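Participant:
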Amino acid sequence: MKLIEIEKYRVLMTGNEAIARGLIEGGVSVATAYPGTPSSEILSALVRISKENDLPVYAEWAVNEKVAFEISFAASLCGLRAAAIMKHLGTHWILDPLAVSAVTGIKGGLVVVSADDPAPLSSQSSTDTRNHAKLAHIIAVEPSDPAEAKELVKETIDISEKVGLPAIFRYTDRIAHGRAPIVLGELNEGMRKIVPNFKKDPDKLVSIAPNARKNIPELFKKLEKAKELVSKPPWIIREGSSSGEFGIITSGSPYHDVKEALSLMGIDEVPLLKLCVSNPLPEKPISDFLSSVDEVLVAEELDPIIELEVFRIAFSNGIPVKIYGKSTGHLKPYGELTTDKILRALLLMQGKNLDSMPSKTVAGDVPRRIPQLCSGCSHRGAYISIKNALKKAFGGRGIVLGDRGCYNQGGNPPLRAIDTAIAMGSSIGMAVGLAKSGLNEPIITVIGDSTFFHAGIPPLIDAYVHKAPIVVALLDNSWTSMTGHQPNPRTGRNAMGDPAPTVLPERIAEGIGIQFIQVADPYDIAESEKAIIRALLAAKEGPAMVIFRRECVLQELRRLRKEGIRPEPLKVDPTKCTGCRTCIKIGCPALEFNFTTNRARIIEEKCVGCSICAQICPSNAILPKSREV
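Numbering (our numbering), first residue to last: 30 to 658.
#1: Near V461, which residues of its chain fall below 8 Å by C-beta distance, leaving aside the five closest residues on each side in sequence?
#2: With DSSP collapsed to three states, give me the class of E257.
#3: With G137 and A111 assumed to form a contact (beta carbons below 8 Å), what rounded beta-carbon distance in angstroms separates them?
#4: Could you tell me which of R578, H285, I457 sits nearest to S507, measuring between CA atoms?
#5: Rounded to a whole number of angstroms, what is the C-alpha to C-alpha distance between N623 and A162?
#6: Threshold first: 3 residues or longer. Then list the beta strand (DSSP E) segments lying entirely within the stretch 287-339, N to C.
#7: Would you kindly report the start and end of the unbroken beta strand (DSSP E) that includes E570?
#8: With DSSP run on the structure shown, which of helix, strand or coil describes G214?
#9: What are the partner residues of V141, as DSSP defines its beta bridges?
#10: Ignore the nearest five residues each way along the sequence and tell me which others in R519's own chain have a CB closer than 7 Å to its CB.
#11: Flag this pair as touching only if the stretch 42-54 and the stretch 215-222 have three or more C-beta atom pairs under 8 Å; answer yes or no.
#12: Alpha carbon to alpha carbon, how far is G364 from I352? Give it in angstroms, no decimals.
#13: Please work out which residues of its chain come closer than 7 Å, Cβ to Cβ, to A568, disregarding the five sequence neighbours upstream and downstream, and give them in chain order.
#14: Rounded to a whole number of angstroms, what is the C-alpha to C-alpha distance between F198 and V140?
#15: In the DSSP assignment, what are the bridge partners of P653?
#16: Helix, strand or coil: which one does DSSP assign to V501?
#17: In angstroms, rounded to a whole number, what distance separates the CA positions of I278 and D384?
#18: In terms of residues, what are the limits of the alpha helix (DSSP H) holding K421?
#19: To the nearest whole angstrom, what separates the beta carbons of E621 and R628, a pair I think is in contact under 8 Å?
#20: DSSP three-state call for N623: helix, strand or coil?
#21: Please determine, among F482, A464, I641, the residue with the shortest C-alpha to C-alpha distance to Y552.
#22: Taking only beta-carbon atoms, is A492 less than 9 Å away from chain B?
#23: If you draw a straight line from the alpha carbon of K416 to that of A464, how long is it in whole angstroms?
#24: When you compare the stretch 393-401 with the stretch 432-448, are there three or more beta-carbon pairs, one atom per stretch, that lie closer than 8 Å?
#25: So, helix, strand or coil for W90, using DSSP?
#26: How would you write the range of the alpha helix (DSSP H) that Y493 sits in, first residue to last?
#27: For a quick check, are the C-beta atoms of L319 and I348 less than 9 Å apart?
#28: Return the CA-CA distance between S466 and I204, expressed in angstroms with no decimal places.
#29: How many whole angstroms separate the CB atoms of L72 and V86, which I take to be in contact at a CB cut-off of 8 Å?
#30: Alpha carbon to alpha carbon, how far is A165 from G616?
#31: Cα-Cα, which of S58, A62, Y38 is closest to N45?
#32: Report the residue from N226, N240, P225 whose alpha carbon sits nearest the alpha carbon of D232.
#33: Span of the beta strand (DSSP E) holding M220?
#34: Kindly indicate which residue of S155, R433, L41, M220 has the alpha-carbon position closest to the one of C107.
#35: With three or more C-beta pairs closer than 8 Å as the rule, is the stretch 280-300 touching the stretch 367-375?
#36: Which residue wins for smallest C-alpha separation from G273, given the options K251, L302, I245, P263?
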């Protein structure tokens with residue numbers, strides 16, 4: 030029996046799976062996403078659930094988050110319930126249409142599911158998505174664990190539809206990848222029987238300035254209505270004693286850290302206010318809570334959004350309560366909020382010595398394992414070719430700008446192949462900036478296929494129009510690999526697993542007008558080096574492009590495994606190896622060095638036979654295992 034078919038049954042799910050289930054139970058008919066850890070698994074789980082239950086749900090991996098949101102927004106205007114799923118960085122891309130959708134209003138429930146990364150553990154920054162809700166004047170919801178996330182995302186869709194405003198459902202990586210028993214509810218098939226109907230309303234939907242001026246006051250009325258609706262459970266929950274010397278206001282996953290900290294301190298009954306919504310904040314329950322305590326700690330992750338509102342509510346209501354949190358230095362405005370950090374804040378509030386913190390045994394520091402490109406990764410060949418080309422043609426001079434994707438790992442030692450990695454598509458735009466700054470250096474950008482489709486095309490047009498002397502090295506492995514091999518426009522299939530047209534980057538470059546375009550196999554180091562050198566020479570007249578094309582090795586290995594084929598590994602001939610460690614410097618996990626014998630060794634179980642190491646070995650000491658002496 031399929032697990033997902035067992036209604037009203039408790040099953041173990043990750044937070045992402047629970048949210049996917051909640052979206053289905055909430056009646057979502059259209060779900061869009063752009064992959065990004067920690068949110069990537071939601072859409073895949075949603076597709077699986079809808080297929081297993083024959084539900085008419087449309088799901089799409091969009092070309093970027095802005096497109097994803099606009100698709101779901103349009104579905105909402107047709108009366109369908111919709112969701113746009115992304116990580117916190119993706120919400121930056123949707124701010125323009127998100128803010129306008131609040132002004133125009135929506136019809137079907139519309140939720141932006143945003144996975145924040147407070148540490149950060151898998152992101153280049155740790156911005157707080159709740160700020161976007163305040164900026165756009167829309168609803169922001171925060172669950173504290175996977176089970177609550179599943180239930181609250183349903184409630185969020187409902188309240189979004191009731192008030193006619195989009196909502197941000199903000200959760201964090203600990204919830205995304207944590208597991209909890211989840212009670213499966215009804216699949217709400219009735220909501221998906223709604224006939225889509227787009228009602229023309231140019232006074233609202235043609236959001237030019239005169240119309241916007243008329244509609245903005247309505248937005249704030251809707252927000253007031255939302256405030257009334259969230260002034261009771263499940264949006265706001267009061268626990269513990271009714272009054273006391275100190276209390277705690279918390280939201281999101283820190284709720285459980287607060288409970289654990291109190292338990293470690295041996296405190297059972299403390300006034301505790303748990304907020305599952307951070308915009309709009311329900312003022313009456315908060316002011317009542319503040320009136321019942323002398324001191325309060327506000328424990329939230331990242332920015333002091335709730336804390337500053339608590340200060341305002343206390344001041345405007347004349348409540349003489351002492352408020353502690355990030356603005357007082359008791360908690361930090363960055364990083365994950367852990368039990369230890371809350372424990373420290375509580376002890377400081379009570380004037381106790383930090384030595385009185387409960388002791389615990391902590392394991393010693395574990396040596397960091399530096400992330401590397403996979404064994405046989407084609408990006409390794411591209412990076413080696415770029416470095417060799419710059420060394421041969423320019424004496425090693427040159428700047429290599431990286432982008433966002435698994436090829437980021439090429440920035441780690443020992444490869445150290447890129448000089449920057451900022452944001453989606455930034456490599457090309459920044460390359461133009463460096464070139465136009467007057468630098469007399471070869472400039473190469475490295476960008477993946479999915480990232481190119483996401484945000485690399487506009488800066489390439491800019492580079493062409495302004496004749497920027499740069500080389501765009503496009504790493505085309507046909508998948509969005511880093512986040513779990515989601516399909517992109519190069520893959521040839523869509524989120525539902527159906528065949529889809531394939532878009533070739535070189536066709537786009539040709540359409541722009543790029544004159545030099547060459548496709549190279551990154552497993553062929555010599556030819557790839559030549560392609561880069563040719564491109565660098567051609568770039569004197571304007572941008573040139575080299576496309577390093579080879580399918581992601583993990584996908585290739587999966588296909589070969591199904592066919593019963595095991596790639597032949599390579600072997601180091603110890604009689605030829607000189608111990609120069611040239612092969613070790615490429616950072617392949619299948620290579621190791623024995624300092625006792627002063628020889629390199631290939632771990633056969635990890636080797637995929639790509640031959641990159643064999644091509645760069647100056648002693649020709651690496652050969653296929655079948656040819657070992």
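Virtual Cβ for every residue (Gly too), placed ideally from N, Cα, C.
Please read all numbers here as calculations on a predicted model, not as lab measurements.
Facilitator: The short version:
#1: Cβ neighbours of V461 beyond the five flanking positions: P488, D491, A492, H495, A497, I499.
#2: It is helical.
#3: Contact annotation, G137 with A111: C-beta distance approximately 6 Å; criterion of less than 8 Å satisfied.
#4: Answer by Cα proximity: R578.
#5: The alpha-carbon separation between N623 and A162 amounts to approximately 55 Å.
#6: Counting only runs of 3 or more, we get 301-304, 306-308, 322-328.
#7: It is not in any beta strand (DSSP E) - E570 carries neither H nor E in the DSSP assignment.
#8: When secondary structure is reduced to three states using DSSP, G214 falls in the coil class, being assigned neither helix nor strand.
#9: Bridge partners of V141: A113, I197.
#10: Listed in chain order, the non-local C-beta contacts of R519 below 7 Å within the same chain comprise D478, D505, S507, T531, V532, local neighbours out to five positions each way being set aside.
#11: The stretch 42-54, when compared against the stretch 215-222, does touch it at the 8 Å Cβ threshold.
#12: The alpha-carbon separation between I352 and G364 amounts to approximately 21 Å.
#13: So the list reads P498, I499, V500, once near-sequence residues are dropped.
#14: If you take the alpha carbons of F198 and V140, they lie about 7 Å apart.
#15: Listed as beta-bridge partners of P653 by DSSP are L599.
#16: Three-state result, V501: strand.
#17: Taking the CA atoms as reference points, I278 sits about 25 Å from D384.
#18: Where K421 is concerned, the enclosing alpha helix (DSSP H) stretches over 407-423.
#19: No, E621 and R628 are not in contact; Cβ-Cβ is about 10 Å, not under 8 Å.
#20: In the three-state reduction of the DSSP assignment, N623 falls in the strand class, which pools E and B.
#21: The shortest C-alpha separation from Y552 is found at I641.
#22: Of the protein chains in this structure there is only one, and it is not chain B.
#23: Those two C-alpha atoms are separated by around 19 Å.
#24: Counting Cβ pairs under 8 Å, three or more are found: they touch.
#25: It is a strand residue.
#26: That run of the alpha helix (DSSP H) goes 486-494.
#27: For L319 and I348, yes; Cβs fall inside 9 Å.
#28: Straight-line Cα distance between these residues: approximately 44 Å.
#29: In this structure, L72 and V86 do not form a Cβ contact; the two beta carbons are roughly 10 Å apart against a cut-off of 8 Å.
#30: The alpha-carbon separation between A165 and G616 amounts to approximately 45 Å.
#31: Ranking S58, A62, Y38 by CA distance to the CA of N45 puts A62 first.
#32: Considering only alpha carbons, the answer is N240.
#33: Element bounds for M220: n/a, residue is neither H nor E.
#34: Taking only the C-alpha atoms, the option nearest C107 is M220.
#35: In short, these stretches touch, since the Cβ pair count reaches three.
#36: Nearest option by C-alpha distance: L302.
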